[in-house]
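Chains A and B are the protein sequences, given in the same order. Take our numbering: the final residue in the first sequence is number 1146, and no numbers are missing along the way. Take our numbering: the final residue in the second sequence is number 293, and no numbers are missing along the way. This report concerns only the one structure given below.
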Amino acid sequence: MASEARFHNLEWALYTVIFIVISSVLLGALARLFRLSGAEQRKIFWGFTFAGPWIIGFFIFVLGPALASLYYSFTDYQLGQSIEWIGLDNYRALLLGEGRQGRMFNTSMLNSFYYALLGVPLQITAALAMAMLLNNELPGIRAFRTIFYMPVILAGGPAILLAWRYMLASNGGFVNEAMRKLGDLFFVFDYLYRLFIYGTEAFNGFYIGIMRGDPLGPWKYTLPALLAGLLLFALIRGEWSEGKRVLAWRGATIIGIAVAFRLMSKGLMAQPIDPAWIYAGGAAALAGIILLAHERRGLVRLIQVVTALAALAIGALVLDRAGFDVASRESVRYLVPLGLVAAALGFSAVGPWTRRKSAVLWAVVGAFGLIALARHAPGEMGGDRLEVVARYLTFGSTIETKTDLDYLQTAFPEWLMSATWFYGLAVAVLAGIALLGDRWPRARRALSIGAAAFFGLIAAGSFLDGRAYFGAFVDLAEATGKTNYHFAMFHQALSQFPDRTRVPLWMNSELWSKPALILITMWSSGTGMLIFLAALKSVPRALYEAAEVDGANTLQRFFKITLPMISPAMFYNIVIGVIAALQTFEIIYMLQTPLTRDSLSSAAFLLYARTFSELRIGEGAAMSWILVVIILTLTALQFRYSRSWVHYEA
Amino acid sequence: MATQTQTQDINRAARLDLARLTRHGGQRLRVLLLYALLLAGAAFFLFPLVWMVGTSLKTIEEVGRSQLHLLPAEPQWRNYDKLLNEEAFYRAYANSIFIVTIVLLGTVTSVSLVAFSFSRLEWRGRNVVFALMMSTLMLPYQATLVPQYVMFHELNWLRTFNPITLPGFFAGGAALIFLLRQFMLGIPRELDEAAMIDGANPLQIWWHIIMPLSRPAVATISVFLFVGQWNNLMMPLIYLQKPALYTMPIYVAQKLNLQESPLPWQDMMAASVLFVIPVLVVFLFTQRYFIEGITTTGTKG
């Protein structure tokens, strides 16, 4: 059997070589047709023939598949079945977490977020510490370098991971046994170890609880309140300055964008909005443009661009919903207002600004406003539409169980419970502070302090209140077996300091599976170490000597010389680390148990586990494209922002 | 070679340095502390390996006892004997060796041809093609994974070695091409010009002049390829869905599905040790290439 397969492979290898040779020579011959002089012809022929294997491979294995995968991602293709175009449905399901696939994808994204937040910094710290240790010139240091790097080679394959799995057995595994032994020997170590267990379990319980998106969890209110509170605190401290005004504006913008995004993704994707809103929005944007046209050209451009992008996005979504049938009633209903808004925008953008243009645009604004109003005249305002708007203005929080809903409704009406109000309030306060600025310092100060106190109280209160909820949900979890199970874990982790019998459960608990993975990535962080080591070696000695003369101590030398000088390597390692977190596969495959699979799963693992077991090609392609876009964006973003803190040696 | 004498120089300098350092009491303490830290680090990095070898030589009763005893009372070489008599094991081993050989031959040859074209030949459009190749470095493999599966499915190549071995023949791996090209750029131009005047064609120049001179770089990419392919778990999992075709990584990973109780960890670890040995040996003998390769391209195999 196996030898047959090998023979088959050799046969095909021969065909492949022949194919490559022939097609490369053909490629060279084809290329030579374009150049006339004899010497040039010869050069281009050999050049393309030699590069042929890669060029042909690029079309067969990169470009072709990439385009095919883009196409598949818009279809419901399953291997062996016919292909049907379903537009953005795959992406919608994945991004909004709809269905089993979508939920799993969300979970894996949150897992990757965890690694980016906690795993990558730990890994980089370990790599840097190792590199600094190896940067001493001592006899035998090269042997140590080899040993420190070796885990990278091993961790790429399944064998050592199988060993780790056994060593991390919670009951009697080598790691836990060794820790207990050390705890027996040194009581200080024992306390540190228990503190580590306490911290890890509490943190992971909290993380999992929050990320499961429990609407009653503390995060809903704590997060906006905390954000606003921190920003306000930064604004109150010290003297007012231009930098603070910018900070306030930025805070307001970021929170505003976050809210808009939530509204877009939850409201617009789930429920079509009334076309009247397009007229209203267009009118508002145009009014803004007209009012600002004379003084703030930059802002006008911004409004134009944002409005145009929004119109495009809405158009694409609407068309997608209608199955790209432009003539359907549903499409026309939206495309007409979108087209009108786009035309008006175009008119505002082209040519110099004149009084006549201003007048025409005011007329358009008036017309749009009238249409929007007419659509929303009291007689027309049905109950359905109100509900859509209400859902759209709030987070459309999904409240699962009847008891939770009852509790909420007795306490507050639903619309009041939305966290959106907190975000909105934060935006308003920050914008107010930015506007008041230096003109009315007292009013600004009063507003800042009042708002900070308010948000601080909310943050503390809702968090504590959330804690109180947990207690109730522990009982509930026991009763129903599932509700708020994860917050129950958090509550239990917090409720008592671990005694001596409590051990890390590693693969037997969702609280410990991620730390186990981080431990193994730290063990095999030799690649980062080598890159740091190369960077450390290139730091000029003279800098340290000069610093020593100036009386700088070790810590100062590290933070003022070493860290800035190796920041390109640091930046590189961060990019690679985050991308690797999204692509982890072997470790998860070898370490997961049915209990911890979801809490470990990365996007790459999910792609393997779901796509290749169920052969749902369409979904898999959509998933891989989301992953590709995230990775490319991360790379681009980190390049962009590295400029402000990375020190590149000229 | 130059690097070797350099190494010796550095080592001599380090020894002198140490001698100078240890003359002062405070410095001696610092050196001792550094060694203590280095040893602790080495222990942390080595213990899984030691543990793996130790467990592979235990009896099943010993495995059930405390894992703190790293080494067995008496090494049980039987565990290895048993494994070597197992058909599935040596079939997987042979499959792995076969695949790695084919991949190495195909990839190294094609990569060196392409690198030769990018570094030693002058042709219109070279820079454009090269830039295109470098841009594929940014594209993660997930972009092409799914449709490649469909393609191999259509070709009826599932459950064969072809999807794993043949893509490499198309100069797979932009990082490898880049690494080799960088090296080839450093070879003096006069060599090919002289050969050209003597009437040699580019194929002859590639084989008789450039390839022999590029040996260190070819060794580097071979080592990267070897380690990457030997360890490769995902592709065989996707494509070789038949036990007769399993490679060593799948053979080892399959042990996860064992239902026996108590689990024969000593056998599993014996298989793991035999799996790890080739990679470890190659790494120990070629680590200089490895480390240079990583610091030039910044990628791992």
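Just so it is clear, CB atoms sit at the ideal spot from N, CA and C, and this is done for glycine as well.
Taking 7 Å as the upper bound on Cβ-Cβ separation, chain B lies near residues Ile649, Leu650, Gly652, Gly653, Pro654, Ala655, Ile656, Leu658, Ala659, Trp660, Tyr662, Met663, Gly668 of the stretch 649 to 668 of chain A. Between A:Ser1034 and A:Met626, the CB-CB gap reaches or exceeds 9 Å. The Cβ-Cβ distance between A:Ile774 and A:Pro833 falls below 9 Å.
Around the beta carbon of B:Asp259, 16 or more other beta carbons lie within 10 angstroms, which makes this residue buried. From the listed residues A:Val999, A:Gly560, A:Phe530, A:Gly615, the smallest Cα separation to B:Gly117 is found for A:Phe530. DSSP, reduced to helix, strand and coil, places A:Thr1080 outside both helices and strands of the structure shown, so it counts as coil. With fewer than 16 other Cβ atoms from the protein chains shown falling within 10 Å of its own Cβ, A:Glu1041 counts as exposed. With respect to chain B, the C-beta atom of A:Gly1047 has no partner C-beta closer than 9 Å. Taking the Cα of A:Gly652 as reference, the smallest distance to any Cα among A:Glu1115, A:Phe1101, A:Phe1081, A:Gln1088 is reached at A:Phe1081. Contact between B:Val138 and A:Ala1105 fails: their C-beta atoms lie close to 13 Å from each other, not under 8 Å. For A:Gly1116, the closest Cβ of chain B is nearer than 9 Å. Under the criterion of beta carbons closer than 8 Å, A:Val671 and A:Leu664 qualify as touching, at roughly 6 Å. For B:Ala163, the nearest beta carbon of chain A is closer than 9 Å to its own beta carbon.
With respect to the 9 Å criterion, B:Ile179 and B:Ser206 are classified as neighbours on the basis of their beta carbons. Separation of A:Val517 and A:Thr1131 (C-alpha to C-alpha, rounded to the nearest whole angstrom) is 36 Å. A:Trp849 carries a coil assignment under DSSP once its states are collapsed to helix, strand and coil. Fewer than three beta-carbon pairs drawn from the stretch 993 to 1007 of chain A and the stretch 628 to 640 of chain A are found closer than 8 Å, and the two stretches are therefore not classed as touching. Checking the DSSP bridge columns, you'll see A:Thr571 partnered with A:Trp581. Taking the C-beta atoms as reference points, A:Ala807 is found nearer than 9 Å to A:Leu841. Proximity of chain B to A:Trp508 at the Cβ level (cut-off 7 Å) is accounted for by Asn154, Leu158, in chain order.
Contact fails between the stretch 176 to 192 of chain B and the stretch 241 to 255 of chain B, because fewer than three Cβ pairs, one in each stretch, are under 8 Å apart. Chain A places a beta carbon closer than 9 Å to that of B:Lys247, counting this residue as a contact.
The C-beta distance from B:Ala263 to B:Tyr281 rounds to 28 Å, too long to fall under 8 Å, and the pair is not in contact.
Where A:Ser1098 is concerned, there is no enclosing alpha helix (DSSP H), because DSSP gives it neither an H nor an E. At a C-beta separation below 8 Å, B:Glu114 has these neighbours in chain A: Lys539, Gly543. The beta-carbon of A:Ser565 is placed less than 9 Å from the nearest beta-carbon of chain B. Annotation: B:Gly191 to A:Phe544 spans about 20 Å, alpha carbon to alpha carbon. Interface flag for A:Asn1004 against chain B is unset, since no Cβ pair is found closer than 9 Å. Annotation: B:Ile286 to A:Gly794 spans about 46 Å, alpha carbon to alpha carbon.
In summary, A:Ala589 is buried, with 16 or more beta-carbon neighbours lying within 10 Å of its beta-carbon over all protein chains present. Using beta-carbon distances, B:Tyr141 counts as an interface residue toward chain A, with a partner under 9 Å.
Annotated three-state conformation of A:Leu529 is coil, per DSSP.
The straight-line gap separating the alpha-carbon atoms of A:Ile552 and B:Ile169 is approximately 15 Å. Counting every other CB atom within 10 Å of its CB across the protein chains shown gives A:Phe683 a total below 16, marking it as exposed. Assignment of A:Met1066 by DSSP, reduced to helix, strand and coil, places it in the helix class. DSSP places B:Gly191 outside both helix and strand once states are collapsed to three, so it counts as coil.
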